[in-house]
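This report refers to the structure that appears directly beneath it.
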Amino acid sequence: MSFTERTYIMIKPDGVQRNLVGKIIARFEERGYKLVALKLVHATPEHLEKHYADLKGKSFFPGLIKYMASGPVVAMVWQGLDAVKTGRVMLGATNPLQSPVGSIRGDYCLSVGRNICHGSDSVESAEKEIALWFPEGIVQYTHIQEPWVLEDN
Ligand code: DAT
Ligand code: MG
């Protein structure tokens, strides 16, 4: 577990259309994570097929790509202690109906095919996803809250 672990978090087109961008960003800010990259992007199907390459062949894959390409997404990288695993806990389960209240999916959505957000499932996937969505690199800066959030950092 690293203080500087990074995860790729994405607000999907339904999250953008439903005006949930600010609320989702606020959860990561308030938890103590550091925003190190962010952009609004209308991704092509080809780009999304790379992002979801491990799901190619699943029956829902074509619908997933169509949904993800249907409007802009907010692509972000958040950094901090245990960012990958804790980020997934903050999102909730893949199926929103199985997501606890208090998680993002548990509070804001109902359907697996409209589950408003994405989070990397491992440090290795996070590295690949960050390279795919931010080939220009992430932003380096000192965040003034760090010593107030992380002990002995
Ligand atoms: P997660 O997004 O929780 O990492 P995943 O990587 O297994 O889940 O799947 C990626 C997305 O694909 C998921 O957020 C929604 C969609 N999806 C997964 N399983 C599905 C299913 N059984 N039916 C419809 N869409 C599904
Ligand atoms: Mg996944």
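Oh and the sequence shown: position 23 is 23 in UniProt numbering, straight run, nothing missing. Beta carbons are placed, not taken as given, at the ideal position from N, Cα and C, and that holds for glycine.
Whole angstroms is fine: what's the gap from residue i's alpha carbon to residue j's?
i	j	result
K85	L48	23 Å
W78	H42	20 Å
T137	Q145	Correcting the residue identity first, residue 137 is Gly in this sequence and not Thr. Their backbone Cα atoms lie some 23 Å apart in a straight line.
K56	P62	9 Å
P135	P72	18 Å
L20	G92	16 Å
H118	Y52	11 Å
G15	V89	18 Å
Please say whether residue j and residue i have beta carbons closer to each other than 8 Å?
i	j	result
E5	L81	yes
A75	K39	yes
P96	G87	no
T7	A83	yes
Are there any heavy atoms of ligand 1 lying less than 7 Å away from the beta-carbon of residue i, as far as the coordinates show?
i	result
L55	yes
F28	no
D121	yes
V112	yes
T94	yes
H51	no
L20	no
L150	no
L64	yes
Within 10 angstroms of its Cβ, does residue i collect 16 or more other Cβ (buried), or is it exposed?
i	result
I116	buried
I9	buried
Y108	buried
A26	exposed
Would the beta-carbon of residue i be found less than 7 Å away from any heavy atom of ligand 2?
i	result
D107	no
* **Continuous alpha helix (DSSP H) assignments of at least 4 residues falling wholly in the UniProt domain "Nucleoside diphosphate kinase-like" (4-140)** => Within the UniProt domain "Nucleoside diphosphate kinase-like" (4-140), the alpha helix (DSSP H) runs of at least 4 residues that lie entirely inside it are, in chain order, 13-17, 21-31, 45-51, 61-68, 83-91, 104-108, 123-133.
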